[in-house]
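Here the structure is laid out as structure tokens; the discussion comes afterwards.
In this note's numbering, the protein residues as written are 7 to 395.
Structure below.
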């Protein structure tokens with residue numbers, strides 16, 4: 007059978023570096039490895055072909071000889087006959103890489119030695135829990151302490167979390183002999199492979215219960231409803247969360263407790279709209295109050311406040327109440343309350359009221375003074391008069 011060109015076998019060019027050759031061979035070795043293709047003779051032949059090409063092209067002297075003379079240059083080196091079986095491949099690669107081989111890197115034989123230590127762990131970790139906490143804008147503005155009710159697993163009071171009757175205790179797991187892990191050894195043409203898994207009998211704990219607690223049936227925990235207090239800082243907003251470490255579900259048989267995640271949800275307010283740490287409030291006043299000025303009581307987060315409306319206040323004007331907003335979350339100070347002024351235009355007037363407005367429309371003080379605004383003002387008052395007629 008005519009041998010294929012080694013460069014063609016690995017899918018590389020004659021100018022390819024050792025790194026490129028190694029990367030290409032890695033893909034082929036993974037694809038055609040006999041353990042992944044049991045009983046597939048074609049895959050085994052391709053695996054041997056790739057291994058032969060790789061060993062020649064990765065050794066500088068052999069590669070130079072092959073580049074000059076082709077397959078004829080390999081005569082007398084052992085490569086003119088190729089690998090007789092896959093075990094030959096392992097032997098040759100062990101020689102090249104000094105006792106290890108590329109297969110250690112590809113298939114993890116070397117990595118398995120890192121897990122030789124015991125995997126024993128106390129119990130099983132408890133789950134994290136989440137709870138949504140709805141807060142009013144007043145609570146957010148100043149910060150608040152809330153009492154939470156949480157249904158969770160807690161340590162069993164009868165066995166103190168061990169899961170066993172106090173008189174019986176626990177014993178070393180006979181499956182893993184206290185190691186918390188089991189190893190399965192398989193042999194192949196490449197040598198010995200060790201698969202390490204958590205012990206199914208003790209779940210990695212290394213010990214088993216001789217006689218289970220009658221209250222928790224061996225889990226070491228029981229379902230309860232608990233109350234706890236949590237301090238919410240001022241300035242939080244929807245989407246913020248507060249982690250309470252160790253306040254989640256208790257672990258199984260002494261395992262660590264999970265966390266309780268408190269998710270913040272801001273309630274919609276009756277009067278205010280929040281913008282970061284400022285709050286916005288719409289105030290509607292009469293025409294006469296806008297013209298003459300007045301004092302009006304408006305709501306605030308800390309109680310009502312008296313707001314002075316200057317005479318001649320225009321619709322759309324924004325009045326700022328300093329430090330009447332929300333306390334900042336990450337620094338001192340607080341936001342403001344912004345009052346948006348709207349002027350109420352009545353749509354129903356008595357005959358006497360209409361006459362008053364008609365007389366006012368003749369006054370120069372009623373008309374806007376801005377340049378080019380006269381025509382627009384006439385149009386405005388005409389519409390007002392039409393609505394009252």
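We put the CB at the ideal spot given by N, CA and C, even for glycine.
Check                                                                                                            : Outcome
Residue 283 beta carbon less than 9 Å from that of residue 346                                                   : no
Proximity below 9 Å, CB of residue 307 to CB of residue 285                                                      : yes
Within the segment 262-289, ranges of the beta strand (DSSP E) (whole runs, at least 3 residues)                 : 266-272 and 279-281
From 313, 312 and 293, residue whose alpha carbon lies closest to that of residue 320                            : 293
Close beta carbons around residue 302, own chain, < 8 Å, minus the five adjacent residues each side              : 289, 291, 295, 312, 313 and 315
Whole-Å CB distance - residue 270 paired with residue 154, under 8 Å assumed                                     : Going by Cβ atoms, the distance from residue 270 to residue 154 rounds to 13 Å, so no, they are not a contact pair.
Bridge-paired residues (DSSP) for residue 192                                                                    : 199
6 Å Cβ shell around residue 104 - same chain, five flanking residues per side excluded                           : Reliability of the predicted coordinates at residue 104 is poor, the pLDDT of 37 falling under 50, and the value obtained from them is presented with this limitation in mind. Around residue 104: no qualifying Cβ.
Delimiting residues of the alpha helix (DSSP H) encompassing residue 80                                          : Where residue 80 is concerned, there is no enclosing alpha helix (DSSP H), given that its DSSP letter is neither H nor E.
Option in 53, 9, 33 and 73 with minimal Cα separation from residue 40                                            : 53
CA nearest to the CA of residue 187, picked from 218, 355, 178 and 210                                           : 210
C-beta atoms of residue 217 and residue 170 nearer than 9 Å                                                      : yes
Closest residue to residue 223 among 49, 167 and 70 (Cα-Cα distance)                                             : 167
Spatial distance of residue 151 from residue 237 (CA atoms)                                                      : 4 Å
Per DSSP, the bridge partner or partners of residue 177                                                          : 214
Residue range of the alpha helix (DSSP H) that includes residue 294                                              : 293-298
Residue 129 at chain E interface by Cβ criterion, 9 Å                                                            : No chain E appears in the structure shown, which is made up of a single protein chain.
Bounding residues of the alpha helix (DSSP H) (the contiguous stretch that carries residue 247)                  : Where residue 247 is concerned, there is no enclosing alpha helix (DSSP H), although the beta strand (DSSP E) it sits in stretches over 247-250.
Whole-number beta carbon distance between residue 165 and residue 208, since they are thought to touch under 8 Å : Contact flag wrong, Cβ pair sits at about 17 Å.
Assigned secondary structure, residue 170 (DSSP; H/G/I helix, E/B strand, else coil)                             : strand
Residue 316, DSSP secondary structure in three states                                                            : coil
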